[in-house]
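A.B. asks: This structure is in structure tokens; I'll ask about it shortly.
Protein chains in written order, with the working numbering: chain A, 1 to 287; chain B, 288 to 405.
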């Protein structure tokens, strides 16, 4: 892309990128069958089974310590029956996202560390959501996987500017998303939100991703956004992977108070997340 | 009055406030000296912190308890300082995360693998 970045909008990055300009086909099919009120569990599982890697991965996830179901779940139909279609939809999208971004070279950001960070945020956000008694914790897992994908889209489409952002942080210091704003006029959260809009993902995801550095700006989903904001900070403190930013983002203190969580929760959460992270890293990032 | 995490409690400290479980039942009354079995009981009820009377606590107390080499502790604190460079260090969330993060670093040092102060 040769246009000067001053004239580029986040949505142009999405439409201009062959990688993300359309949703992965398997996900469109899952979307359709899940949203069709006449679909049965076996109709849905037929679609999921079209993608062997996806169905294998889903079964591994539902059989992990994430759910700790008493017996082994061996078929996709069974998995859907126990976790529910909405959860399945979100888990399926989370796993297809990883294949969508396959093959981005490690030149500026180490992709393995990047996905480790995203997975860390996903697991922490899901655990926090359970503590806050949110109804669909998988929505938070998905939001965690997606929260930084804007950075990958920037990396792939604006490589020169990306190099400048990284070297500016190394030389002058500062927080990565603020430097992105200085260099590009927008940050990776804006690009992630534009992707969510282009893919017609639920509005909650668009707001969570777009405001994850400033949850108080989220009008309709402030608590959900704060959970991802906090999970991002915790994942960095735990040093689970790396998003490319070497610093913990500043905490939005007002939003934190709205969550009404006790400070004492962090030590229990820390060890719980470590176990789940180590267990799911191979399942999620292999292949 | 000071609120302490369970790992900072020492037998003999006096309770500054009634400790109640989630249904409001009193587990231990204000003014009672804390016994080791009370700490176990709090843990079982999922109590995270309790108020104590006139106690002063050295913030490194939970480290000291595990006989941690001061030099290694300082190294671990240095390791994480850049990570939290743009954080408000006086906020309780950040100071708790820094404490856990320091412990995490400490565990990666030779001979410190079994430190457990969560």
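In this text, a Cβ means the ideal position worked out from N, Cα and C, and glycines have one as well. Quick caveat: nothing in here was measured; it's all calculated off a predicted structure.
Given this structure, state the Cα-to-Cα distance separating residue 11 of chain A from residue 195 of chain A, to the nearest angstrom.
C.D. replies: As a first step, residue 11 of chain A must be located in the first chain, where it is residue number 11. As a first step, residue 195 of chain A must be located in the first chain, where it is residue number 195. The straight-line gap from Cα to Cα measures roughly 7 angstroms.
A.B. asks: Residue 352 of chain B by DSSP, collapsed to three states: which one?
C.D. replies: Taking the second chain and counting its residues from 1, the one referred to as residue 352 of chain B is at position 65. Per-residue confidence for residue 352 of chain B stands at a pLDDT of 48, beneath the threshold of 50, marking its modelled position as unreliable; the derived number appears in the next sentence. Reduced to three states, the DSSP call for residue 352 of chain B is coil.
A.B. asks: Kindly indicate which residue of B:325, B:306 and B:398 has the alpha-carbon position closest to the one of residue 317 of chain B.
C.D. replies: Within the second chain, residue 317 of chain B is the residue found at index 30, counting from 1. With distances taken between Cα atoms, residue 317 of chain B lies closest to B:306.
A.B. asks: By Cβ distance below 7 angstroms, which residues in the same chain neighbour residue 96 of chain A in space, the five residues on each side in sequence not counted?
C.D. replies: Taking the first residue of the first chain as position 1, residue 96 of chain A is located at position 96. For residue 96 of chain A, where only same-chain residues beyond five positions count, the Cβ hits under 7 angstroms are 24, 26, 27 and 54.
A.B. asks: What in chain B is Cβ-close to residue 257 of chain A, meaning under 9 angstroms?
C.D. replies: On the first chain, position 257 is the one that residue 257 of chain A refers to. Near residue 257 of chain A there are no residues of chain B at all, since even the closest Cβ is about 10 angstroms away, more than 9 angstroms.
A.B. asks: Is the region 278 to 287 of chain A close to the region 199 to 211 of chain A, with three or more CB pairs under 8 angstroms?
C.D. replies: no
A.B. asks: Could you pull out every residue in the same chain whose Cβ sits closer than 6 angstroms to the Cβ of residue 337 of chain B, ignoring the five residues on either side in sequence?
C.D. replies: Residue mapping note: residue 337 of chain B aligns to position 50 of the second chain, counting from 1. Cβ within range, chain order: 306.
A.B. asks: By Cβ distance below 8 angstroms, which residues in the same chain neighbour residue 219 of chain A in space, the five residues on each side in sequence not counted?
C.D. replies: Reading the first chain from its first residue, position 219 is the one you call residue 219 of chain A. So the list reads 207, once near-sequence residues are dropped.
A.B. asks: Mind pulling the chain A residues with CB within less than 7 angstroms of residue 292 of chain B?
C.D. replies: Counting from one through the second chain, the residue named residue 292 of chain B turns up at place 5. Contact note: residue 292 of chain B reaches chain A through 264, using a C-beta cutoff of 7 angstroms and chain order.
A.B. asks: Can you grab the Cα-Cα spacing for the pair residue 8 of chain A / residue 110 of chain A, in whole Å?
C.D. replies: As a working note, residue 8 of chain A is residue 8 in the first chain. As a working note, residue 110 of chain A is residue 110 in the first chain. Looking at the two C-alpha atoms, the distance is approximately 25 angstroms.
A.B. asks: Shortest alpha-carbon distance to residue 90 of chain A belongs to which of A:278, A:201, A:189 and A:239?
C.D. replies: Here the question's residue 90 of chain A lines up with position 90 in the first chain. Selected option, being the one with the closest Cα: A:201.
A.B. asks: On the DSSP letters alone, give me the boundaries of the beta strand (DSSP E) that residue 290 of chain B sits inside.
C.D. replies: Taking the first residue of the second chain as position 1, residue 290 of chain B is located at position 3. Unbroken beta strand (DSSP E) run through residue 290 of chain B: 289 to 292.
A.B. asks: Count the CB pairs spanning the region 71 to 79 of chain A and the region 33 to 45 of chain A that are closer than 8 angstroms, and state whether there are at least three.
C.D. replies: yes
A.B. asks: DSSP three-state label for residue 262 of chain A, please.
C.D. replies: For the purposes of this step, residue 262 of chain A is taken as the residue at position 262 of the first chain. It is coil, neither helix nor strand.
A.B. asks: Kindly provide the ranges of any beta strand (DSSP E) runs that are 3 or more residues long and lie completely inside the region 305 to 336 of chain B, ordered along the chain.
C.D. replies: 313 to 315
A.B. asks: Near residue 120 of chain A, which residues of its chain fall below 7 angstroms by C-beta distance, leaving aside the five closest residues on each side in sequence?
C.D. replies: Counting from one through the first chain, the residue named residue 120 of chain A turns up at place 120. Around residue 120 of chain A: 235, 238, 240, 241 and 277.
A.B. asks: Can you check DSSP and say which residues form a bridge with residue 339 of chain B?
C.D. replies: Walking along the second chain from the start, residue 339 of chain B turns up at place 52. Its beta-bridge partners are B:289 and B:302.
A.B. asks: When you compare the CB of residue 227 of chain A with every CB in chain B, is at least one pair closer than 8 angstroms?
C.D. replies: Residue 227 of chain A sits at position 227 when you count from the first residue of the first chain. For residue 227 of chain A, the answer is no, since every Cβ of chain B falls outside 8 angstroms of its Cβ.
A.B. asks: Between residue 391 of chain B and chain A, is any beta-carbon pair separated by less than 8 angstroms?
C.D. replies: Here residue 391 of chain B refers to the residue found at position 104 of the second chain. Yes, because at least one Cβ of chain A sits closer than 8 angstroms to the Cβ of residue 391 of chain B.
A.B. asks: For chain B, find out if any of its Cβ atoms is closer than 8 angstroms to the Cβ of residue 119 of chain A; answer yes or no.
C.D. replies: Here residue 119 of chain A corresponds to residue number 119 of the first chain, with the count starting at 1. No, because no Cβ of chain B sits closer than 8 angstroms to the Cβ of residue 119 of chain A.
A.B. asks: What does residue 250 of chain A touch in chain B if you count any residue whose Cβ is under 8 angstroms from its own?
C.D. replies: Start at 1 with the first residue of the first chain, and residue 250 of chain A comes out as number 250. Residues of chain B passing the Cβ test: 373, 374 and 375.
A.B. asks: Is it the case that the region 56 to 70 of chain A contacts the region 249 to 259 of chain A, given that we only count it when at least three CB pairs across the two stretches are under 8 angstroms?
C.D. replies: no
A.B. asks: Any beta carbon from chain E within less than 8 angstroms of residue 281 of chain A's own beta carbon?
C.D. replies: Going by chain labels, chain E is absent from the structure shown, which instead holds the protein chains A and B.
A.B. asks: Between the alpha carbons of residue 192 of chain A and residue 356 of chain B, how many angstroms are there, rounded?
C.D. replies: If you number the first chain from 1, residue 192 of chain A lands on position 192. If you number the second chain from 1, residue 356 of chain B lands on position 69. When rounded, the distance between both Cα atoms is 45 angstroms.
A.B. asks: So for residue 89 of chain A, helix, strand or coil by DSSP?
C.D. replies: The residue you call residue 89 of chain A lines up with position 89 of the first chain. DSSP places residue 89 of chain A in helix when its eight states are reduced to three.
A.B. asks: Whole angstroms is fine: what's the gap from residue 300 of chain B's alpha carbon to residue 321 of chain B's?
C.D. replies: By one-based count along the second chain, residue 300 of chain B stands at place 13. By one-based count along the second chain, residue 321 of chain B stands at place 34. Whole-angstrom Cα-Cα distance: 6 angstroms.
A.B. asks: Report yes or no: is there a C-beta of chain A within less than 8 angstroms of the C-beta of residue 383 of chain B?
C.D. replies: Locating residue 383 of chain B in the second chain gives position 96, counting from the first residue. Yes - at least one Cβ of chain A is within 8 angstroms of the one on residue 383 of chain B.
A.B. asks: With 16 as the cutoff for other CB atoms within 10 Å, does residue 351 of chain B come out buried or exposed?
C.D. replies: The sequence position of residue 351 of chain B within the second chain is 64, counting from 1. With a pLDDT of 46 at residue 351 of chain B, under the threshold of 50, the modelled position of that residue is not reliable, and the figure given next carries that caveat. With fewer than 16 other Cβ atoms within 10 Å, it is exposed.
A.B. asks: At a Cβ threshold of 8 angstroms, is residue 352 of chain B touching chain A?
C.D. replies: Within the second chain, residue 352 of chain B is the residue found at index 65, counting from 1. Its pLDDT being 48, under 50, residue 352 of chain B is placed unreliably in this model, and the coordinates cannot settle the point.
A.B. asks: Looking at the secondary structure, which residues open and close the alpha helix (DSSP H) in which residue 177 of chain A lies?
C.D. replies: For the purposes of this step, residue 177 of chain A is taken as residue 177 along the first chain, with counting starting at 1. Residue 177 of chain A -> alpha helix (DSSP H) spans 176 to 184.
A.B. asks: Considering only the beta carbon of each residue, do residue 213 of chain A and residue 249 of chain A sit closer than 8 angstroms?
C.D. replies: As a position in the first chain, residue 213 of chain A is number 213, starting the count at 1. As a position in the first chain, residue 249 of chain A is number 249, starting the count at 1. Yes, these two residues count as a Cβ contact at 8 angstroms.
A.B. asks: If the cut is a Cβ gap below 8 angstroms, which residues of chain B does residue 131 of chain A touch?
C.D. replies: In the first chain, residue 131 of chain A corresponds to position 131, counting from 1. Near residue 131 of chain A there are no residues of chain B at all, since even the closest Cβ is about 12 angstroms away, more than 8 angstroms.
A.B. asks: Which of helix, strand or coil does DSSP assign to residue 33 of chain A?
C.D. replies: Counting from one through the first chain, the residue named residue 33 of chain A turns up at place 33. Judged by DSSP in its simplified three-state form, residue 33 of chain A adopts helix.
A.B. asks: Can you check whether the C-beta of residue 313 of chain B is within less than 8 angstroms of a C-beta belonging to chain A?
C.D. replies: Position 26 of the second chain holds residue 313 of chain B. Residue 313 of chain B does not count as touching chain A.
A.B. asks: Do you know how far the Cα of residue 40 of chain A is from the Cα of residue 34 of chain A?
C.D. replies: Reading the first chain from its first residue, position 34 is the one you call residue 34 of chain A. Reading the first chain from its first residue, position 40 is the one you call residue 40 of chain A. Cα-Cα distance, rounded: 9 angstroms.
A.B. asks: In chain order, which alpha helix (DSSP H) runs of at least 4 residues are fully inside the region 352 to 404 of chain B?
C.D. replies: 357 to 368 and 379 to 394
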